[in-house]
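Residue numbers (the numbering used here): 595 to 864.
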C-alpha cells in the first residue's frame, strides 16, 4: 500500500470492493472507517449504473480488488469504461501488480513482454489459445490457480515445446514467496509430484527467432520443390511469386526451381 492509497481510502465517501470481508481487513489495519459496497464480476451489470449515478451526484468512490490491480484479471474495466462515457474522471492509484513483480525477478527477458492473464479453462480451447501464442517472441505472462496449474503446464509444454524455459512464481510478496525455474517439462513434472498451493504467476520465454528459422528451413528442405511451391500457392500466392519465394527459402536460383516445378529439362527452360 502506498501512502497515497491509504490517504485516498480515508478521504473518499465509498469504497467499491471485490470482497468486502477481505477489504475490511485492510481497512482495519490502516484504521480506515470508510463505508464499503460490493463490486465484483457477478454483480457488475447491476452495480455499475448505481455507482455511476452516485458519482454524478458528487460521491467520491474508490474501487478495490483482491490481491491484484483493478482491471488486470480483476474487476474494474467495465466501471472505467462507464465512467469515461459519462465524462467522470478516472484516477489510477499505482500499486503492486503480480505480473510485473514476477517478471523483474524471473531472469527472463523483461521487455518486450506479453501479458495474457488467465488461459481458458476448457482443455481444447486452452490448447488453441496457447498454439496461437507459440510464435510470439516476447516473454509470456500468465496467471493460474493451483488446482489447474499441472494441466496448464502440460498443455504449454505440448504446444510450445517441452524445452521452452519458464518460471513459476508463487505467493508473491507473501510469507511463502517462491520462484521455480526450469523447462516447461521440468515444471510440469514438479506440479505432478508436489502438492500445489498458492496463487501462481507463470512466465514463459518467448520463441527463439533463430530456432524458428531453423525449424522453417528444416521443414522446407524436407519437402520436394513441387510440394513447397504448391503449399505456398495454397496460402494465396501467385505461382510465379511462390516459385520466387521457394527459391529464396532454399537459396536456389529462381530458374532452377521453375524448371523443377514445371518438370522442364534444361533446354525447355531457356
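By construction, the Cβ of each residue, glycine as well, lies at the ideal position given by its N, Cα and C atoms.
Considering Cα atoms alone, identify which of 714, 763, 670, 802 is closest to residue 745.
Residue 745 sits at position 151 when you count from the first residue of the chain shown. With distances taken between Cα atoms, residue 745 lies closest to 714.
Please list the segments of the beta strand (DSSP E) lying wholly inside the region 623-662, counting only runs of 3 or more residues, in order along the chain.
629-632, 655-658
Could you pull the start and end residues of the alpha helix (DSSP H) that residue 676 belongs to?
Walking along the chain shown from the start, residue 676 turns up at place 82. Where residue 676 is concerned, the enclosing alpha helix (DSSP H) stretches over 671-679.
For residue 698, collect the residues of the same chain with a Cβ closer than 8 Å to its Cβ; drop the 5 residues on either side in sequence, then sort them by chain order.
Against the chain shown, residue 698 aligns to sequence position 104. Around residue 698: 704.
Contact under 8 Å by Cβ, residue 779 with residue 729
Walking along the chain shown from the start, residue 779 turns up at place 185. Walking along the chain shown from the start, residue 729 turns up at place 135. No. Outside cutoff.
Can you tell me whether residue 675 is buried or exposed, with buried defined as 16 or more other CB within 10 angstroms of its CB?
Residue 675 sits at position 81 when you count from the first residue of the chain shown. The residue is exposed, with fewer than 16 neighbouring Cβ atoms inside 10 Å.
Given that a residue counts as buried once 16 or more other Cβ atoms are within 10 Å of its Cβ, and exposed if not, what is residue 615?
Numbered from its first residue, the chain shown carries residue 615 at position 21. Exposed is the call here.
With DSSP run on the structure shown, which of helix, strand or coil describes residue 849?
Within the chain shown, the letter at position 255 stands for residue 849. Residue 849: helix per DSSP, three-state reduction.
Would you say residue 727 and residue 797 are within 8 Å of each other, going by their C-beta atoms?
Your numbering for residue 727 matches position 133 in the chain shown. Your numbering for residue 797 matches position 203 in the chain shown. The answer is no: Cβ separation not under 8 Å.
Residue environment, residue 864, which counts as buried when at least 16 other CB atoms sit within 10 Å
Within the chain shown, the letter at position 270 stands for residue 864. The pLDDT assigned to residue 864 is 47, lower than 50, so where the model puts this residue is not dependable; a value taken from the coordinates is nonetheless given after this. Looking at its Cβ environment, which holds fewer than 16 other Cβ atoms inside 10 Å, residue 864 is exposed.
Taking the alpha helix (DSSP H) that residue 751 belongs to, which residues open and close that run?
Taking the first residue of the chain shown as position 1, residue 751 is located at position 157. It spans 743-754 - the alpha helix (DSSP H) in which residue 751 sits, taken as one unbroken run.
Are the CB atoms of residue 648 and residue 608 within a distance shorter than 8 Å?
Counting from one through the chain shown, the residue named residue 608 turns up at place 14. Counting from one through the chain shown, the residue named residue 648 turns up at place 54. Closer than 8 Å, so yes.
Taking just the CA atoms, how far does residue 832 sit from residue 854?
Against the chain shown, residue 854 aligns to sequence position 260. Against the chain shown, residue 832 aligns to sequence position 238. The alpha-carbon atoms of residue 854 and residue 832 are separated by roughly 17 Å.
Do residue 684 and residue 678 have their C-beta atoms closer together than 8 Å?
By one-based count along the chain shown, residue 684 stands at place 90. By one-based count along the chain shown, residue 678 stands at place 84. Yes, they are a contact pair.
Which two residues bound the contiguous alpha helix (DSSP H) that contains residue 772?
Counting from 1 along the chain shown, the entry for residue 772 is found at position 178. That residue, residue 772, is in no alpha helix (DSSP H); its beta strand (DSSP E) goes 772-777.
Which of the three DSSP states is assigned to residue 856 in this structure?
For the purposes of this step, residue 856 is taken as the residue at position 262 of the chain shown. Coil, per DSSP.
Same chain, Cβ closer than 8 Å to residue 721, five either side skipped, listed in chain order:
Translated into the one-based positions of the chain shown, residue 721 becomes position 127. Here the set comprises 749, 752, 753.
Among residues of its own chain, excluding the 5 on either side of residue 862, which ones have a beta-carbon nearer than 6 Å to its beta-carbon?
In the chain shown, counting from the first residue as 1, residue 862 sits at position 268. Low local confidence applies: a pLDDT of 49 at residue 862 is under 50, so the model's placement there is unreliable, with the coordinate-based value given in what follows. Answer for residue 862: no residue qualifies.
Given that a residue counts as buried once 16 or more other Cβ atoms are within 10 Å of its Cβ, and exposed if not, what is residue 719?
Translated into positions along the chain shown, residue 719 becomes position 125. With fewer than 16 Cβ atoms within 10 Å of its Cβ, residue 719 is classed as exposed.
To which residues of the same chain is residue 689 closer than 8 Å at the C-beta, ignoring the five residues directly before and after it?
Counting from one through the chain shown, the residue named residue 689 turns up at place 95. Taken in chain order, the residues that qualify are 595, 596, 599, 663.
Would you mind sorting residue 799 into buried or exposed? The rule is 16 or more other CB atoms within 10 Å of its CB.
Walking along the chain shown from the start, residue 799 turns up at place 205. Buried is the call here.
Can you round the beta-carbon distance between residue 826 and residue 781 to whole angstroms, since I take them to be within the 8 Å contact cut?
Translated into positions along the chain shown, residue 826 becomes position 232. Translated into positions along the chain shown, residue 781 becomes position 187. At roughly 37 Å, the Cβ-Cβ gap does not stay under 8 Å, so residue 826 and residue 781 are not in contact.
Compare the Cα-Cα distances from residue 652 to each of 682, 641, 627 and report the closest residue.
Position 58 of the chain shown, counted from the start, is the residue given in the question as residue 652. Out of 682, 641, 627, 682 has the C-alpha closest to the C-alpha of residue 652.
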